[in-house]
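Asks: In the numbering used here, the protein residues as written are 314 to 795.
For glycine and all other residues, C-beta sits at the position ideal for the given N, C-alpha and C.
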Amino acid sequence: MLRTTLATTAVVASLLAPTAATAPAPAVAPVAPAAHARSSAGVGDVGRTGKGADGIPPLTDSRGRVLTLRGWNLADKSHRGDAALSAITEKHLRDMRAKGYNTARLLVFWDDLEPRPGQYSQAYLRKIERILDWAEKYDVKVVLDAHQDVFGPAFGSRGVPAWATRTDGLPFTPHPDDWFSEYFEPAVQRAFTHLYEDEDLQRAQARMWRVLAARFEGHPAVLGYDPINEPMGELREGEDLATAARRIERDQITPMHNRIADQIRAVDRDGWIFVEPTPIVGEGVPTGLGRIDDPKVVYAPHFYNSTMEAGGDYDPSARWIENYEAAVTQYPRQYKVPVVVGEWGPLNNSLPNMNRFYREAMASLGRYSSGWTGWEWCYGGGYCAVDGTGAFRANKELTAEPYAEAVAGTVRSASYDPAAGLYRLAYDAAGRRGSRVTELSLPPGDWRVTARGGALVLRKDRGRAWILAVPNARITVTATRD
314 MLRTTLATTA VVASLLAPTA ATAPAPAVAP VAPAAHARSS AGVGDVGRTG KGADGIPPLT
374 DSRGRVLTLR GWNLADKSHR GDAALSAITE KHLRDMRAKG YNTARLLVFW DDLEPRPGQY
434 SQAYLRKIER ILDWAEKYDV KVVLDAHQDV FGPAFGSRGV PAWATRTDGL PFTPHPDDWF
494 SEYFEPAVQR AFTHLYEDED LQRAQARMWR VLAARFEGHP AVLGYDPINE PMGELREGED
554 LATAARRIER DQITPMHNRI ADQIRAVDRD GWIFVEPTPI VGEGVPTGLG RIDDPKVVYA
614 PHFYNSTMEA GGDYDPSARW IENYEAAVTQ YPRQYKVPVV VGEWGPLNNS LPNMNRFYRE
674 AMASLGRYSS GWTGWEWCYG GGYCAVDGTG AFRANKELTA EPYAEAVAGT VRSASYDPAA
734 GLYRLAYDAA GRRGSRVTEL SLPPGDWRVT ARGGALVLRK DRGRAWILAV PNARITVTAT
794 RD
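Printed below as a string of structure tokens:
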């Protein structure tokens, strides 16, 4: 989570010198907040269109159905050891699914999994498995995220174990009121360099992932793996932040993702690998990541704006969403991989322009991505999706829309008009060898679902609907709020 204060906003702005790498990306047309639409590819047709953006393929399941992920991060950063993950309960998964979300990005910590070199905590693995079992019970897909904030416990946070932290004696000064600025402390930056460059640490990190993937590769809830949250690195003298980020992504993070992918693939042939750039992409800077040599890669950037992360309001005139979209779609177009945004959501959701922000953000995400996981599913204030009673906090209800969780065929278009309460999906059904069942997710409320063109609604139950289609038929499905 790229959470900043006004001080960090100033730091980031000063480091993002106006070089060619940071020049604003070409803007796309703004979206009317009343409704949004997208079109996407499907089985056997990933090259025609992406999730509404040419050249970006969709995410698919083992049956070839086009997937859309909507969900939230599940995080417990406060508890360690015997109490690790205790703040995440079955209620989290049950409530998420009840409001229409089908995906969770579950934070796990290397320092809890491997507290001493080569000694993996079986108790911690069992705690992860318990959460995965709840996810399976409520049919929620899970991405396991090896999370780090400010590298790890050596700097008062979570992530990379202290025994894997090397600083060469460089200084570290805590910034308790502005923790993101701690990434720019010399000791933290050097620790990332050693993680990327030291062969024994490379092996340890990859081995940790092999242990995780070997344990959970057969679990029905596991969709894939996120090798490291918001990776950062060490700036060189004279580099602006954007130039440094692209170099670190190209020369250090890309090889790291490839090493970890190799170890995961040795024990799990099916899980998707969600690769992240540095969080600097949130400033509209295209990533420097290179090719990840694996057949099931998802590009998983985060969608944060430094002003809103500092508690400020959304400024539509700044065109941040448009510039972010233009920049963030370059990598998946080039390397033909799907996009799932791993984190997003502002700190203060009740400011005057936040209703517009959520509507425009949802429209943008729908144009190019296969889905998202917001920050975070918790019961309270700040970033929490819901309050202590389980009711949506201000404007968060705008993230709860009808959507097609899995489409058995080629999506021609999908649109939702929140004012009219009308969702429409048009797709060409798969042939006789493909799956024939399409699944819809519906937010809380009374919804009427109809299907035309050689399809019927098999069942509608508990916020979901299943549609059976004749092979190769041209189908239209509508969901209307009663």
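#1: Since G531 sits in a beta bridge, which residues does DSSP pair it with?
#2: Bridge partners for R471 per DSSP, in chain order?
#3: What is the C-beta distance between N415 and S754, in whole angstroms, given that I count them as a contact (C-beta under 8 Å)?
#4: DSSP three-state call for A417: helix, strand or coil?
#5: Let me make sure I understand the geometry here. Which of G758, M569, G703 and D795 has the alpha-carbon closest to that of R407?
#6: Counting Cβ pairs closer than 8 Å, one from the region 737-749 and one from the region 772-789, do we hit at least three?
#7: Residues bridged to Q576 by DSSP?
#8: Considering only residues of the region 700-741, which uninterrupted beta strand (DSSP E) runs meet the minimum length of 3 residues and lie entirely inside it, listed in chain order?
#9: Find out if the Cβ-Cβ distance for the pair T567, I605 is shorter than 8 Å.
#10: Hey, how far is the Cα of T751 from the Cα of G394?
#11: At which residues does the beta strand (DSSP E) containing I306 begin and terminate?
#12: For L781 and A579, I'd like the C-alpha separation in whole angstroms.
#13: Taking 7 Å as the limit between beta carbons, can you name the residues of its chain near R777, skipping five residues before and five after?
#14: Can we say the region 582-601 touches the region 546-560, given the rule of at least three CB pairs closer than 8 Å?
#15: Going by DSSP, what residue range makes up the beta strand (DSSP E) through I780?
#16: How would you call S494, buried or exposed, if buried means at least 16 neighbouring beta carbons within 10 angstroms?
#17: Who are the near neighbours of G286 in its chain, counting only those whose CB is closer than 6 Å to its CB and skipping five residues on each side?
#18: Can you tell me whether DSSP reads G595 as helix, strand or coil?
#19: In the DSSP output, what is K773 paired with across the bridge?
#20: Give me, in chain order, the residues of the same chain whose beta-carbon lies closer than 6 Å to that of A768; leave out the 5 immediate sequence neighbours on both sides.
#21: Look at the Cβ atom of A519, then the Cβ atom of Q576, and state whether they are nearer than 8 Å.
#22: From the DSSP output, in three-state form, read off K454 for me.
#23: Are there three or more Cβ pairs, one per stretch, closer than 8 Å when the region 653-662 is compared with the region 608-622?
#24: Which residues bound the alpha helix (DSSP H) around L426?
#25: Of the residues P499, V463 and M675, which one's Cα is nearest the Cα of E550?
#26: Which residues bound the alpha helix (DSSP H) around A411?
#27: Please report the distance separating the alpha-carbon of G603 from that of P428.
#28: Have a look at the DSSP bridge pairing and note the partners of F587.
#29: Measure the alpha-carbon distance for G601 versus R560 and round it to whole angstroms.
#30: Looking at the strands, I want to know which residues DSSP matches up with Y692.
#31: Does the beta carbon of S663 come closer than 8 Å to any beta carbon on chain C?
#32: Quick check on the burial criterion: 16 or more other C-beta atoms within 10 angstroms. Buried or exposed for Q502?
#33: Need the endpoints of the beta strand (DSSP E) that A311 sits in, please.
#34: Whose CA, out of K709, L738 and D730, lies closest to the CA of A717?
#35: So does the region 439-452 actually touch the region 399-406, counting three or more Cβ pairs closer than 8 Å?
#36: Assign Y627 to one of three DSSP states: helix, strand, or coil.
Replies: On the basis of the coordinates in this document:
#1: Position 218 of the sequence shown, counting from 1, holds the residue named residue 531. According to DSSP, which records beta bridges pairwise, G531 is partnered with nothing at all.
#2: Along the sequence shown, read from residue 1 onward, the residue named residue 471 stands at position 158. Beta-bridge analysis with DSSP links R471 to D462.
#3: Numbered from 1 along the sequence shown, position 102 holds the residue referred to as residue 415. Numbered from 1 along the sequence shown, position 441 holds the residue referred to as residue 754. Indeed, because the Cβ distance is near 6 Å, the residues count as touching under 8 Å.
#4: Indexing the sequence shown from 1 puts residue 417 at position 104. DSSP places A417 in strand when its eight states are reduced to three.
#5: Within the sequence shown, the letter at position 94 stands for residue 407. Closest option to R407, judged by alpha-carbon separation, among G758, M569, G703 and D795: G703.
#6: The count of Cβ pairs closer than 8 Å, one atom from the region 737-749 and one from the region 772-789, reaches three, so the stretches are in contact.
#7: As a position in the sequence shown, residue 576 is number 263, starting the count at 1. DSSP lists no partner for Q576.
#8: If only complete runs of 3 or more residues are kept, the region 700-741 shows the beta strand (DSSP E) at 716-720 and 722-730, in order along the chain.
#9: Against the sequence shown, residue 567 aligns to sequence position 254. Against the sequence shown, residue 605 aligns to sequence position 292. Yes, the Cβ-Cβ distance between T567 and I605 is below 8 Å.
#10: Numbered from 1 along the sequence shown, position 438 holds the residue referred to as residue 751. Numbered from 1 along the sequence shown, position 81 holds the residue referred to as residue 394. Each residue's Cα considered, the two are about 42 Å apart.
#11: The question about residue 306 has no answer here: the residues shown for the chain are numbered 314 through 795.
#12: Residue mapping note: residue 781 aligns to position 468 of the sequence shown, counting from 1. Residue mapping note: residue 579 aligns to position 266 of the sequence shown, counting from 1. C-alpha separation (whole angstroms): 36 Å.
#13: Against the sequence shown, residue 777 aligns to sequence position 464. These residues qualify, in order along the chain: E752, L753, S754 and L755.
#14: The answer is yes - the region 546-560 touches the region 582-601, with three or more Cβ pairs under 8 Å.
#15: As a position in the sequence shown, residue 780 is number 467, starting the count at 1. Taken as a continuous stretch (DSSP letters only), the beta strand (DSSP E) holding I780 covers R777 to A782.
#16: In the sequence shown, the residue the question calls residue 494 occupies position 181. When all chains shown are included, S494 counts as buried.
#17: Any answer about residue 286 is impossible in this case: the structure gives the chain only from 314 up to 795.
#18: Numbered from 1 along the sequence shown, position 282 holds the residue referred to as residue 595. The DSSP-derived three-state label of G595 is helix.
#19: Translated into positions along the sequence shown, residue 773 becomes position 460. Answer is A778, bridged to K773.
#20: Translated into positions along the sequence shown, residue 768 becomes position 455. Taken in chain order, the residues that qualify are I780, A782 and I788.
#21: Within the sequence shown, numbered from 1, the residue matching residue 519 stands at position 206. Within the sequence shown, numbered from 1, the residue matching residue 576 stands at position 263. Less than 8 Å divides the Cβ of A519 from the Cβ of Q576.
#22: As a position in the sequence shown, residue 454 is number 141, starting the count at 1. In the structure shown, K454 sits in a strand (DSSP, three-state: E or B).
#23: Because the criterion of three Cβ pairs below 8 Å is met, the region 653-662 and the region 608-622 touch.
#24: Along the sequence shown, one-based indexing puts residue 426 at 113. First-last of the alpha helix (DSSP H) with L426: W423 to L426.
#25: Here residue 550 corresponds to residue number 237 of the sequence shown, with the count starting at 1. The shortest C-alpha separation from E550 is found at P499.
#26: Translated into the one-based positions of the sequence shown, residue 411 becomes position 98. Here the alpha helix (DSSP H) through A411 covers E403 to A411.
#27: The sequence position of residue 603 within the sequence shown is 290, counting from 1. The sequence position of residue 428 within the sequence shown is 115, counting from 1. Rounded to whole angstroms, G603 to P428 spans 32 Å at the Cα level.
#28: Position 274 of the sequence shown, counted from the start, is the residue given in the question as residue 587. Answer is V611.
#29: By one-based count along the sequence shown, residue 601 stands at place 288. By one-based count along the sequence shown, residue 560 stands at place 247. Computed Cα separation, rounded: 7 Å.
#30: The count along the sequence shown starts at 1 and reaches residue 692 at position 379. Note: Y692 sits in a beta bridge opposite V699.
#31: Structure shown: chain C not included; a single protein chain is present.
#32: Along the sequence shown, one-based indexing puts residue 502 at 189. A residue is called buried when at least 16 other Cβ atoms come within 10 angstroms of its Cβ; Q502 meets this threshold and is buried.
#33: Because the chain in this structure spans residues 314 to 795, residue 311 falls outside the shown range and cannot be described.
#34: Position 404 of the sequence shown, counting from 1, holds the residue named residue 717. Residue L738 is the option with its Cα nearest to A717.
#35: Contact annotation: the region 439-452 touches the region 399-406, with at least three C-beta pairs closer than 8 Å.
#36: One-based indexing of the sequence shown puts residue 627 at position 314. Coil.
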